[in-house]
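S.K.: Just so we're on the same page, the working numbering is the position in the sequence shown counted from 1, plus 6.
We treat Cβ as the ideally placed atom computed from N, Cα and C, and that holds for glycine.
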Amino acid sequence: SRNMIINGAMQIAQRGTSIAGGTSNIYSLDRFALGSGSSFDFDVTATQNTTSNPDGFGYSLKLAVDSTQTPTGSHNGDVYQGIEGYNVQSLMHGTAAAKTFTLSFYVKAVNKTGSYSVCCVKKDASGTAFNQVKEFSVTTAWVRQEITFEADTTNAIRNSNAGDLAFYFNLAAGVDDITAPTTAWA
7 SRNMIINGAM QIAQRGTSIA GGTSNIYSLD RFALGSGSSF DFDVTATQNT TSNPDGFGYS
67 LKLAVDSTQT PTGSHNGDVY QGIEGYNVQS LMHGTAAAKT FTLSFYVKAV NKTGSYSVCC
127 VKKDASGTAF NQVKEFSVTT AWVRQEITFE ADTTNAIRNS NAGDLAFYFN LAAGVDDITA
187 PTTAWA
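Okay, here's the thing in C-alpha cells:
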C-alpha cells in the first residue's frame, strides 16, 4: 500500500527551517505541526536538521527544548500531521474489508529517553473522533519504529478535505491527558 504521510523525509520547509512553538498550534516543516493543548507552553524550537540523520535520509525534524515546562491537568504538547479523508479511503474503514495500517518512522533522543506514545485519531462522517494510542521506546540511537493500527469495520473515515486521520506524537502531557495504550478504536 502507498505511503499516506506527506513530507515524512522532512525535505520541504516552506514556512522556514526553524519554527518556535508556544501556547497555540503552529506549522513547522511542511505538513507537520507543533500542537499545544489547554494553553500549555510547548516551548520548543522545531528545525529542519541536516546533520545526524537516520541512514538514507538527508533531513530530520529536530525539537530542541527552549525552557523546561511542567504540564498539569489537561496540558499537552505534540508533533502531529493530519491527512485528508480523501487520501485514506483505501483503508475501507466502516466496511467488512477494513484494513489495518502501519505507521513507520525513525526516532532518537539526545537526553530524554524512555516510553512515548503516538495517538491516531480518525473522524467519521458526523465528526465523531475515534482513537488508538500506541507506545514506543526512544533511545539515544536512531531506531526505526513500526506501529500497526487496527482495522475498524464499524466506523468509516470521513471522506473530506479535512484532517480526518491524524497522528499525534505525544511529547508532554498533564495527568488528565495521559492515556494507556489501546488496541481498539475508542
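(1) Counting beta carbon pairs with one atom in the segment 80-87 and one in the segment 161-180, are three or more of them shorter than 8 Å?
(2) Is the distance from the Cβ of W148 to the Cβ of P60 below 8 Å?
(3) How is D170 classed by DSSP in three states: helix, strand or coil?
(4) Is the segment 14-33 close to the segment 50-65, with three or more CB pairs under 8 Å?
(5) Starting from N82 and walking both ways along the beta strand (DSSP E), at which residues does that stretch end?
(6) Using the C-alpha atoms, what's the distance from A70 back to T134?
(7) Buried or exposed, going by whether 16 or more other CB atoms sit within 10 Å of the CB of T185?
(8) To the nearest whole angstrom, what separates the beta carbons of A178 and Q75, a pair I think is in contact under 8 Å?
(9) So what does DSSP say about V181, is it helix, strand or coil?
(10) Identify, in the order they occur along the chain, each residue of the same chain with its Cβ nearer than 6 Å to the Cβ of G169, setting aside the five sequence neighbours on each side.
(11) Between T154 and the rest of its own chain, which residues show a CB-CB distance below 6 Å, the 5 nearest in sequence each way excluded?
(12) When you compare only the Cα positions, how much space is there between E156 and S58?
(13) Can you give the beta carbon distance from N82 to K68, rounded, assuming they're within the 8 Å contact cut?
(14) Can you tell me whether V50 is buried or exposed? The criterion is at least 16 other CB atoms within 10 Å of its CB, across all chains shown.
(15) Below 8 Å CB to CB, which residues in the same chain sit around T145 once its five sequence neighbours on both sides are set aside?
M.R.: The short version:
(1) yes
(2) Working through the sequence shown from its first residue, we reach residue 148 at position 142. Working through the sequence shown from its first residue, we reach residue 60 at position 54. Yes.
(3) Translated into the one-based positions of the sequence shown, residue 170 becomes position 164. It is a strand residue.
(4) yes
(5) Taking the first residue of the sequence shown as position 1, residue 82 is located at position 76. Looking at the DSSP string, the run of the beta strand (DSSP E) that includes N82 is 82-90.
(6) On the sequence shown, residue 134 is found 128 positions in, with the first residue counted as 1. On the sequence shown, residue 70 is found 64 positions in, with the first residue counted as 1. Roughly 34 Å between the two C-alpha positions.
(7) As a first step, residue 185 must be located in the sequence shown, where it is residue number 179. Looking at its Cβ environment, which holds fewer than 16 other Cβ atoms inside 10 Å, T185 is exposed.
(8) Position 172 of the sequence shown, counted from the first residue, corresponds to residue 178. Position 69 of the sequence shown, counted from the first residue, corresponds to residue 75. 7 Å between Cβ atoms; contact.
(9) Position 175 of the sequence shown, counted from the first residue, corresponds to residue 181. Of the three classes helix, strand and coil, the one that applies to V181 here is helix, per DSSP.
(10) To locate residue 169, count along the sequence shown from 1; it is residue 163. So the qualifying residues of the chain are G88.
(11) One-based indexing of the sequence shown puts residue 154 at position 148. If we look at T154 and ignore the five residues flanking it on each side, its Cβ neighbours are T106, T108.
(12) In the sequence shown, counting from the first residue as 1, residue 156 sits at position 150. In the sequence shown, counting from the first residue as 1, residue 58 sits at position 52. E156 and S58: Cα-Cα distance of roughly 33 Å.
(13) For the purposes of this step, residue 82 is taken as residue 76 along the sequence shown, with counting starting at 1. For the purposes of this step, residue 68 is taken as residue 62 along the sequence shown, with counting starting at 1. Not quite, the Cβ-Cβ distance comes to about 20 Å (not below 8 Å), so this is no contact.
(14) Stepping through the sequence shown from its first residue, residue 50 is reached at position 44. When all chains shown are included, V50 counts as buried.
(15) Taking the first residue of the sequence shown as 1, we reach residue 145 at position 139. Same-chain partners within the cutoff: K114, A115, T119.
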